[in-house]
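Structure first, then comments.
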Amino acid sequence: MKQLLSALPLAIGLIAAPPAFAQTPGVTATEIKVGNINPYSGPASAYGTIGKSIGAYFKMVNDQGGINGRKINYITYDDGYSPPRAVEMARRLVEQDQVALIFQSLGTPSNSAIHKYMNQSKVPQLFVATGATKWNDPKNFPWTMGWQPSYQTEGRVYAAYVLQSVKDAKIGILYQNDDYGKDYLKGFEDGLGDRAKQLIVMRQSYEVTDPTVDSQIVNLKNSGANVFFNITTPKFAVQAIKKSYDIGWKPLHFLNNVSTSLGAVMIPAGTEASKGLVTALYQKEVTDPQWASDKAFQDWVAWMKKYYPEGKLDDQFNAYGYSVAMTLAHVLKACGNDLSRENIMRQAANIKDLELPMLLPGIRINTSLTDFAPIEQAKLARFDGERWVLFGELLASANR
Amino acid sequence: MARRAPVVVVVAVVVACALPFLLSNFRLFQFTQVYIYAIALLGLNLLTGYNGQISLGHGAFYAIGAYVAAIMMDQWHVPYGWTIPAAGVICFAAGFLFGLPALRLEGLYLALATFSLALATPQILKYFEHWTGGSQGIVLTKPSAPSGLPLNPDQWLYFVALAVLLAALLLAANLLRGRVGRAIVALRDNPIAARAMGVNGALYKSLTFGVSAAYTGVAGALSAVAIAYVAPDSFNIFLSIALLIGIVVGGLASISGAIYGAFFVHFVPIWAQDISKAAPWAIFGVSLILFMYFMPYGIAGAVHRIAQRLQRPQRTGDGREPPPSVRTTA
Numbered sequence: 275m276k277q278l279l280s281a282l283p284l285a286i287g288l289i290a291a292p293p294a295f296a297q298t299p300g301v302t303a304t305e306i307k308v309g310n311i312n313p314y315s316g317p318a319s320a321y322g323t324i325g326k327s328i329g330a331y332f333k334m335v336n337d338q339g340g341i342n343g344r345k346i347n348y349i350t351y352d353d354g355y356s357p358p359r360a361v362e363m364a365r366r367l368v369e370q371d372q373v374a375l376i377f378q379s380l381g382t383p384s385n386s387a388i389h390k391y392m393n394q395s396k397v398p399q400l401f402v403a404t405g406a407t408k409w410n411d412p413k414n415f416p417w418t419m420g421w422q423p424s425y426q427t428e429g430r431v432y433a434a435y436v437l438q439s440v441k442d443a444k445i446g447i448l449y450q451n452d453d454y455g456k457d458y459l460k461g462f463e464d465g466l467g468d469r470a471k472q473l474i475v476m477r478q479s480y481e482v483t484d485p486t487v488d489s490q491i492v493n494l495k496n497s498g499a500n501v502f503f504n505i506t507t508p509k510f511a512v513q514a515i516k517k518s519y520d521i522g523w524k525p526l527h528f529l530n531n532v533s534t535s536l537g538a539v540m541i542p543a544g545t546e547a548s549k550g551l552v553t554a555l556y557q558k559e560v561t562d563p564q565w566a567s568d569k570a571f572q573d574w575v576a577w578m579k580k581y582y583p584e585g586k587l588d589d590q591f592n593a594y595g596y597s598v599a600m601t602l603a604h605v606l607k608a609c610g611n612d613l614s615r616e617n618i619m620r621q622a623a624n625i626k627d628l629e630l631p632m633l634l635p636g637i638r639i640n641t642s643l644t645d646f647a648p649i650e651q652a653k654l655a656r657f658d659g660e661r662w663v664l665f666g667e668l669l670a671s672a673n674r
Numbered sequence: 072m073a074r075r076a077p078v079v080v081v082v083a084v085v086v087a088c089a090l091p092f093l094l095s096n097f098r099l100f101q102f103t104q105v106y107i108y109a110i111a112l113l114g115l116n117l118l119t120g121y122n123g124q125i126s127l128g129h130g131a132f133y134a135i136g137a138y139v140a141a142i143m144m145d146q147w148h149v150p151y152g153w154t155i156p157a158a159g160v161i162c163f164a165a166g167f168l169f170g171l172p173a174l175r176l177e178g179l180y181l182a183l184a185t186f187s188l189a190l191a192t193p194q195i196l197k198y199f200e201h202w203t204g205g206s207q208g209i210v211l212t213k214p215s216a217p218s219g220l221p222l223n224p225d226q227w228l229y230f231v232a233l234a235v236l237l238a239a240l241l242l243a244a245n246l247l248r249g250r251v252g253r254a255i256v257a258l259r260d261n262p263i264a265a266r267a268m269g270v271n272g273a274l275y276k277s278l279t280f281g282v283s284a285a286y287t288g289v290a291g292a293l294s295a296v297a298i299a300y301v302a303p304d305s306f307n308i309f310l311s312i313a314l315l316i317g318i319v320v321g322g323l324a325s326i327s328g329a330i331y332g333a334f335f336v337h338f339v340p341i342w343a344q345d346i347s348k349a350a351p352w353a354i355f356g357v358s359l360i361l362f363m364y365f366m367p368y369g370i371a372g373a374v375h376r377i378a379q380r381l382q383r384p385q386r387t388g389d390g391r392e393p394p395p396s397v398r399t400t401a
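Those protein sequences? They're chains G and D, same order as listed.
Going by this note's numbering, the first residue of the first sequence is number 275, and it counts up by one from there.
Going by this note's numbering, the first residue of the second sequence is number 72, and it counts up by one from there.
This is how it looks when you write it as C-alpha cells:
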C-alpha cells in the first residue's frame, strides 16, 4: 500500500505532464544524467570499486566546470551481479530516473539481461564492462558498445605474435569449454588464419566443474607442442602452470589476461613456475614500478588521493574506472550541445585516435559505425618472477 | 475476522486489478516480481511453515522452473503459457524425488542437505551448456499481450502474474483447509501422534515437498518470462536465503504472509541501497532484526493481532480464534 501511495504522485505526474518535446530525457541546460549498474555487493563485489572510481572521476569533471557547462549527475545502483536485479535497475534508471544513457554496466550476464531492453528503448548502453565479443554488433544492437579489448581481440594479439616471431610453432591449447573459452579460441584461430590448421597440434578443453586439468597438460606435453595458449580462469591457471612446471614442459606459455593477477595466480602457482609466462596488457599496471616517474601515473595518484582517498592505490580497477570515465567524458564533450541519444551514439562511434593517459603508450581508441570495439591493441608482457615486464611492440588485432 | 476476510480479499483483488492503470510500467514490473516471489514464498511456506521441513535450497527449484520455461521457449519455441504448468509438473517431480531421501533428515540436517542443492545448482546449470547456454544464459523474447487486448507487455505480464498468484493462493487455501492440510500440520506439530492417527508420514512429507517445489518452479518459470533472461548467476545461494527470510518475515504458516514477505524481500534491499550505498546489507540486516523483534510472528501475525484488537469491542461471539495454520487472510 505504501508503494501505491508513494507511486501515486508519479502516476499523476505522468498523466498531467505536457507532451514531451524532442528533448533527451536526463539532459537539461545544466545537467546530464548518467546511469550505472555495478555489483557493490554479492559474489563480484570486488568490481564495485570501478563504479566508485567512475563517480570520483565525474566529481572532478564537475569541479572543473562540467562538460560544456553541464554537470554530470551520476546515478549508480547495485545489482549484486544478479541479472534480474540488473534488469530492474536498468528500468529504474531509464524509466524512473530518466537518465540519458547507461554507462559501464558490469558483467556479461547482467549486460546480456538488459541488452534487448536497452536497444528496444533506444537508450545508449555505453562502454559495458565485459570482455565478451557480442557487444561489437552495431548492425543488430546499435545502442550497445563495449570498451576493453574483447577475448577475441586478445586471442588475435597472441596469434599475431606467433606468426611474427615464433619459428616452427607447434601450438597446444587448453580452454574452458564455454563461451568465454571459445571466444578466446576463435580470436586466436582467426588470427592465425589459414595457418591455424597446420600450426595447432592439439586442443584440450575442461569444464568449470572439473577438479583438475592435470591430464590435459600431460596430453599437451606429449603432443610435442612448443607454444601453449592457456585459456583458463584463475583456479585452473594455477593448476596448469604448476603441472607443466612439475612435468618439465617449457613451452612459450601464453596466459590469458583473465588470470594475470599476482595474488590469485602467480603466487599460488609459485613465482618460479610462473617465470616466463606471457600475457597481453593494455593498461598501465598500477603496481609496475616503471611508471613511478610517469606523469600520467602521478596524475592518477593525485586524483585518487583527492577524489577517491578510500580507494586502493594498488587496485588496477581504479585505473580502469578512471580511463573508461575519461572515454565517456570525451564522447560527451564531442556531442557539443546536441545531447540527443542518437548523437551520443554517433559520437561514441566516431572516436578517432583517442589516447588515454593510463592506457599503454601508443594505444589509440578508434570506433566507427561498423566498429564498436574501442580498444583493439595490446602489448605483450613477460612475468619475470616478480611482475609483468612489457616487451616488443604494440600488437593490433589485425583485420577481422 | 473470519466474516470480514472475504471483504478484505475482494478489496485487495480490486486494488490489484486497478494498479496497471495507475502506476508506471516500471512500478508494474516491480509488482510483477513481487507477485512472483509471493508464489515461491507460498510454496516454501507450505513446506517450512506448515509441514515444518526447513529448506535452504528452494532457489534450486526456482532455477529449475526458470530453465524449464527458458529451454522450452528457446529450443522448442513452445508458447510461454505452456511452459508455466510444465515447470510446475517437472518441479513437482523433482521436489517429490528429493523429498524421498530427505525424509531421513530432520530439522537442521534437512536444511543442510537442501542448502547443498542450492549451492550446486548454478554449477550444474553451467555443466549442461548445450541446453542452458552455460554462464552466458539464455536470452528470451518478452511476450506481448494477446492481440485485441489494449495492454502493453508490462501490464499484461502483471495480470498474468496476478492471475497465477491468485490461483496459487486459492489452491493453497483449499489444500490446507481439508484433511490433507490437517495431516500436513499434524506431522509438523506431533509426528508420532499423526502417524498413530493413520497419517502416512513418508507420503505426506514427500508430497508436501513436491507441491512446495511445484509452486516455486512455477514462480521461477514466471520470472524467466518476465525478465526475459536466465543465467546461473540469477540463482545464486542468496536467492534461497531470501526466500527463507521472506516466509519468516511475512509470517510462518500463514498464507497472506507470503505476500508480505515478497514485498519485504523485494523492496527492502532497494530501500537499503537508497539509504546507504556503502553498507546496504547492514541496513537490510538491521531492518530484519527490527521486524523480527517487533513482529515475532511475522507481518501476517502482527496484522492479525491488530485486526483482532480493532475488533474486540464489538465482539459478541464465542471468542474463538482461528488457529494460525488455517488463517487464510489477514
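The C-beta atom is built at its ideal place from N, Cα and C for all residues, glycine as well.
For clarity, every value in this text was computed on a predicted model and none was experimentally measured.
Verify whether the separation of the beta carbon atoms of residue 371 (chain D) and residue 328 (chain D) is less than 7 Å.
For the purposes of this step, residue 371 (chain D) is identified with residue 300 of the second sequence, where counting begins at 1. For the purposes of this step, residue 328 (chain D) is identified with residue 257 of the second sequence, where counting begins at 1. Yes, the pair counts as a contact, with Cβ atoms nearer than the cut-off.
Would you mind stating whether residue 534 (chain G) and residue 553 (chain G) have Cβ atoms separated by less than 7 Å?
Within the first sequence, numbered from 1, the residue matching residue 534 (chain G) stands at position 260. Within the first sequence, numbered from 1, the residue matching residue 553 (chain G) stands at position 279. Cβ distance < 7 Å, so residue 534 (chain G) and residue 553 (chain G) count as in contact.
Segments of 4+ residues assigned as alpha helix (DSSP H) that fall wholly inside the stretch 375 to 412 of chain G:
382 to 395
What number of angstroms, rounded off, separates the C-alpha of residue 355 (chain D) from the C-alpha of residue 328 (chain G)?
Residue numbering aside, residue 355 (chain D) sits at position 284 when the second sequence is read from its first letter. Residue numbering aside, residue 328 (chain G) sits at position 54 when the first sequence is read from its first letter. Answer to the nearest angstrom: the Cα atoms are 26 Å apart.
Tell me, please, whether the CB atom of residue 450 (chain G) is closer than 7 Å to any CB atom in chain D?
In the first sequence, residue 450 (chain G) corresponds to position 176, counting from 1. Chain D, which has no Cβ nearer than 7 Å to the Cβ of residue 450 (chain G), makes this no.
Taking Cβ to Cβ, would you say residue 398 (chain G) is nearer than 7 Å to residue 615 (chain G)?
Here residue 398 (chain G) refers to the residue found at position 124 of the first sequence. Here residue 615 (chain G) refers to the residue found at position 341 of the first sequence. A contact, by the Cβ cut-off of 7 Å.
Leaving out the 5 sequence neighbours to the left and right, which residues in its chain are closer than 6 Å to residue 209 (chain D) when beta-carbon positions are compared?
Counting from 1 along the second sequence, the entry for residue 209 (chain D) is found at position 138. 141, 145, 301, listed in sequence order.
At 7 Å on the CB atoms, spell out the chain G contacts of residue 96 (chain D), in chain order.
Counting from 1 along the second sequence, the entry for residue 96 (chain D) is found at position 25. Within 7 Å Cβ-Cβ: 369.
Residue 639 (chain G) and residue 631 (chain G) closer than 7 Å at C-beta
Locating residue 639 (chain G) in the first sequence gives position 365, counting from the first residue. Locating residue 631 (chain G) in the first sequence gives position 357, counting from the first residue. Against a cut-off of 7 Å, the Cβ pair of residue 631 (chain G) and residue 639 (chain G) comes out as no contact.
Do residue 508 (chain G) and residue 470 (chain G) have their CB atoms nearer than 7 Å?
In the first sequence, residue 508 (chain G) corresponds to position 234, counting from 1. In the first sequence, residue 470 (chain G) corresponds to position 196, counting from 1. It is not a contact, given that the beta carbons lie outside the stated cut-off.
Distance, Cα to Cα, residue 248 (chain G) vs residue 428 (chain G)?
Summary: the structure shown does not reach residue 248 (chain G), with chain G confined to residues 275 through 674, and so no result is reported for it.
Alpha-carbon to alpha-carbon, residue 305 (chain G) and residue 653 (chain G)
Within the first sequence, residue 653 (chain G) is the residue found at index 379, counting from 1. Within the first sequence, residue 305 (chain G) is the residue found at index 31, counting from 1. Each residue's alpha carbon lies about 38 Å from the other.
Using the Cα positions of residue 663 (chain G) and residue 656 (chain G), report the straight-line distance between them to the nearest angstrom.
Taking the first residue of the first sequence as 1, we reach residue 663 (chain G) at position 389. Taking the first residue of the first sequence as 1, we reach residue 656 (chain G) at position 382. Those two C-alpha atoms are separated by around 5 Å.
Residue 670 (chain G) CB to nearest heavy atom of the ligand MN below 6 Å:
Ligands in the displayed structure: none, and consequently the ligand MN is not present.
When DSSP builds the beta bridges, which residues end up paired with residue 671 (chain G)?
In the first sequence, the residue the question calls residue 671 (chain G) occupies position 397. DSSP output for residue 671 (chain G) lists no bridge partner at all.
Starting from the beta carbon of residue 304 (chain D), find every residue of chain G whose beta carbon is closer than 7 Å, and list them in chain order.
As a position in the second sequence, residue 304 (chain D) is number 233, starting the count at 1. Listed along the chain, the chain G residues whose CB falls inside 7 Å of the CB of residue 304 (chain D) are 355, 356, 357, 383.
Grab me the residues of residue 607 (chain G)'s own chain with a C-beta within less than 8 Å of its C-beta, minus the 5 sequence neighbours each way, in chain order.
To locate residue 607 (chain G), count along the first sequence from 1; it is residue 333. Excluding sequence neighbours, residue 607 (chain G) sits near 341, 342.
Can you have a look at residue 421 (chain G) and say buried or exposed, based on whether 16 or more other CB atoms are within 10 angstroms of its CB?
Here residue 421 (chain G) is taken as the residue at index 147 of the first sequence, counted from 1. With 16 or more Cβ atoms within 10 Å of its Cβ, residue 421 (chain G) is classed as buried.
Residues that residue 197 (chain D) contacts on chain G, provided the C-beta gap is smaller than 9 Å:
Counted from its first residue, the second sequence places residue 197 (chain D) at position 126. By Cβ distance, chain G contributes 452, 481, 482, 483.
Cutoff 8 Å; reference residue 444 (chain G); Cβ partners in own chain excluding five residues on either side:
The sequence position of residue 444 (chain G) within the first sequence is 170, counting from 1. Closer than 8 Å at the Cβ level, and outside the excluded window around residue 444 (chain G), lie 473, 475, 497, 498, 499, 500, 501.
Among the residues of its own chain, which have a CB less than 6 Å from the CB of residue 374 (chain G), if the five just before and after it don't count?
Reading the first sequence from its first residue, position 100 is the one you call residue 374 (chain G). 298, 300, 301, 306, 307, listed in sequence order.
Helix or strand or just coil, what does DSSP make of residue 653 (chain G)?
Mapped onto the first sequence, residue 653 (chain G) falls at position 379. Reduced to three states, the DSSP call for residue 653 (chain G) is strand.
When DSSP labels each residue in this structure, what does residue 79 (chain D) get in the three-state scheme?
Along the second sequence, one-based indexing puts residue 79 (chain D) at 8. Helix.
What runs of the beta strand (DSSP E), each 3 residues or longer, lie entirely inside the stretch 448 to 516 of chain G?
474 to 480, 501 to 505
Shorter than 7 Å from the beta carbon of residue 226 (chain D) to some beta carbon of chain G?
The residue given as residue 226 (chain D) occupies position 155 in the second sequence. Not an interface residue.
What does the alpha-carbon distance come out to for the pair residue 78 (chain D) and residue 175 (chain D)?
As a working mapping, residue 78 (chain D) is identified with position 7 in the second sequence. As a working mapping, residue 175 (chain D) is identified with position 104 in the second sequence. Spanning the two alpha carbons is a distance of roughly 43 Å.
Return the CA-CA distance between residue 171 (chain D) and residue 187 (chain D), expressed in angstroms with no decimal places.
Taking the second sequence and counting its residues from 1, the one referred to as residue 171 (chain D) is at position 100. Taking the second sequence and counting its residues from 1, the one referred to as residue 187 (chain D) is at position 116. Using only the alpha carbons, I get a separation of about 16 Å.
So for residue 355 (chain G), helix, strand or coil by DSSP?
For this step, residue 355 (chain G) is matched to residue 81 along the first sequence. Residue state, collapsed to three classes: coil.
Taking the runs of the alpha helix (DSSP H) that are 4 residues or longer, which of them lie wholly in the stretch 81 to 147 of chain D?
96 to 115, 129 to 146
Does the beta carbon of residue 298 (chain D) come closer than 7 Å to any beta carbon on chain G?
For the purposes of this step, residue 298 (chain D) is identified with residue 227 of the second sequence, where counting begins at 1. Closer than 7 Å: yes.
Would residue 335 (chain G) and residue 669 (chain G) be called neighbours here (beta carbons separated by less than 7 Å)?
Along the first sequence, one-based indexing puts residue 335 (chain G) at 61. Along the first sequence, one-based indexing puts residue 669 (chain G) at 395. It is not a contact, given that the beta carbons lie outside the stated cut-off.
Which class does residue 521 (chain G) belong to by DSSP, given the choice of helix, strand or coil?
As a position in the first sequence, residue 521 (chain G) is number 247, starting the count at 1. Of the three classes helix, strand and coil, the one that applies to residue 521 (chain G) here is coil, per DSSP.
Extent of the continuous beta strand (DSSP E) run through residue 526 (chain G)
Counted from its first residue, the first sequence places residue 526 (chain G) at position 252. Start and end: 526 to 529.
Taking contact to mean 3 or more Cβ pairs, one atom from each stretch, closer than 8 Å, check whether the stretch 593 to 604 of chain G and the stretch 618 to 632 of chain G are in contact.
yes
Residue 206 (chain D) at chain G interface by Cβ criterion, 7 Å
Looking up residue 206 (chain D) in the second sequence gives position 135. Yes, its Cβ sits closer than 7 Å to a Cβ of chain G.
Using only the alpha-carbon positions, how far apart do residue 646 (chain G) and residue 617 (chain G) sit?
For the purposes of this step, residue 646 (chain G) is taken as the residue at position 372 of the first sequence. For the purposes of this step, residue 617 (chain G) is taken as the residue at position 343 of the first sequence. Distance between the alpha carbons of residue 646 (chain G) and residue 617 (chain G) is about 15 Å.
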